[in-house]
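Under the numbering used here, the first residue of the sequence shown is numbered 284, with each subsequent residue one higher.
Scroll down for the structure; my scribbles are underneath it.
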Amino acid sequence: MYHFDLALAALPRHDNLREIEAILPTLKSKGYTGIWVENNYLDDESRNDKVANPEFPGNWDLFNLFDLTFGKKRSAYLPYLQNLAALCRRNELGFYLSFWMPRVNSEALEYLRAHQPSAIGVSDAHLEKSVPCLCTCSNGGGLAFISEMIARLFEAIPDIRGIKVATEDNHALLCDPTCPNAHGTTRAAHAGNLFATIQQAMTKASPQSRLLLYPWFWRDGYEEAIFSRLQDGYMVVTKYESGSLQQIESGIPAEPLFDSSIVSEKPGDGFARWCGKVGASRIIDMVPVGTGIDDFFLANPPYPAGCSGGSPRCENPGYARLWISSAADTQRARPKRSSRPSRSRKART
Ligand SMILES: [Zn+2]
């Protein structure tokens, strides 16, 4: 029972892998092809790191590539992820990771100051003050450090099928032109450097692995700068309904849906544009159907009613889906369709 070539489930919060071991066969039977891991449920300290997580203190931390490759806690994180990947392999499920890049935390900055000072750049962030970041300028040392982190990651976890990479939001800040390594280069050029570096390092480590681009928060010029640097083999994570109009009541002008939404059942402009740009076969529709970190504001969504109800979108979609469902939701009775609107802003989507 496969609806899509790629259907990735996010895992529910858990304390140990025994809980997940019991869930994976269910995911497989429901048609999922793999899981993707973004949230760090292991560590209560890191989510209060004020450098890495200044906007959402107390929220789940996002796994940081540095923590898995150079950080002091990698001896705890890596066995967890390795065992998780092994469980996936046993259940014939793909294993995917997700990183906001080039996000740094206190420990990463401390390490770089001591060992790789040229890898520290400068960004003006959206806090309107200069902050240190992991340098993404071609003349700095940050890109080589990112390559090294990717190499270490794949060496430790060869089973990784792909990595979803996003930038700028969640304090994954790129260098701006004030970085001493910038020499007149733009933030958009640094975005191109970042994605090209990650893709090249992934391909070198595992030629079959796929870079999943997530254009959330891309600024003007990023798209051109990034795509001019990419090789084949990437996919684009989009949100089908984002930007589509939701008409709730007659007489009240419809508003475009901002983010993950499942209420208009219409494609937004962005989705159609991405399909046209990269082809439907490269598109992953990121659907909020569960209780993961990405759907705080969408309780009990009705999606994916179309999968069994015969929606044309689901019968022959031509694109893959990045499910945000948790296993618990797949076992829960499907709620009745509602017209609950999405909120205007949410964290770390
Ligand atoms: Zn820089």
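Even for Gly, the Cβ is constructed at its ideal location relative to N, Cα and C.
Within 10 Å of its beta-carbon, does L528 have 16 or more other beta-carbons around it, so buried, or fewer, so exposed?
exposed
If I follow the unbroken alpha helix (DSSP H) through P308, where does it start and stop?
300-312
Report the rounded CA-to-CA distance for T419 versus Y497, giving the unit in angstroms.
18 Å
Could you say which of K560, Q399, A484, C458 lies nearest to S412 if we only look at CA atoms?
The displayed chain sequence assigns Lys, not Ser, to residue 412. Selected option, being the one with the closest Cα: C458.
Please classify E451: is it buried, with 16 or more other beta-carbons within 10 angstroms of its beta-carbon, or exposed?
Classification of E451: buried, given that the 10 Å Cβ count is 16 or more.
Near N374, what residues of its chain come up, given a Cβ to Cβ distance below 8 Å and the 5 sequence neighbours on each side ignored?
L307, P308, L310, K311
Within 10 Å of its beta-carbon, does N464 have 16 or more other beta-carbons around it, so buried, or fewer, so exposed?
Under this definition N464 is a buried residue.
What are the start and end residues of the alpha helix (DSSP H) that includes W557?
Unbroken alpha helix (DSSP H) run through W557: 552-561.
Specify, as a first and last residue, the run of the alpha helix (DSSP H) that P463 falls within.
Counting along the chain, P463 falls outside any alpha helix (DSSP H), and DSSP gives it neither H nor E.
Looking at the structure shown, is Y394 part of a helix, part of a strand, or coil, going by DSSP?
helix
State the start and end residues of the unbroken beta strand (DSSP E) segment that holds G377.
377-383
Could you check what DSSP says for D326 in three-state terms: helix, strand or coil?
coil
Spell out the partners DSSP gives R493 in its beta bridges.
G445
Is T419 near ligand 1, in the sense that its beta carbon is under 8 Å from a heavy atom of that ligand?
Result yes, Cβ under 8 Å from ligand 1.
Taking only runs of the beta strand (DSSP E) that begin and end inside the region 500-528, which ones reach a length of at least 3 residues, in chain order?
518-521
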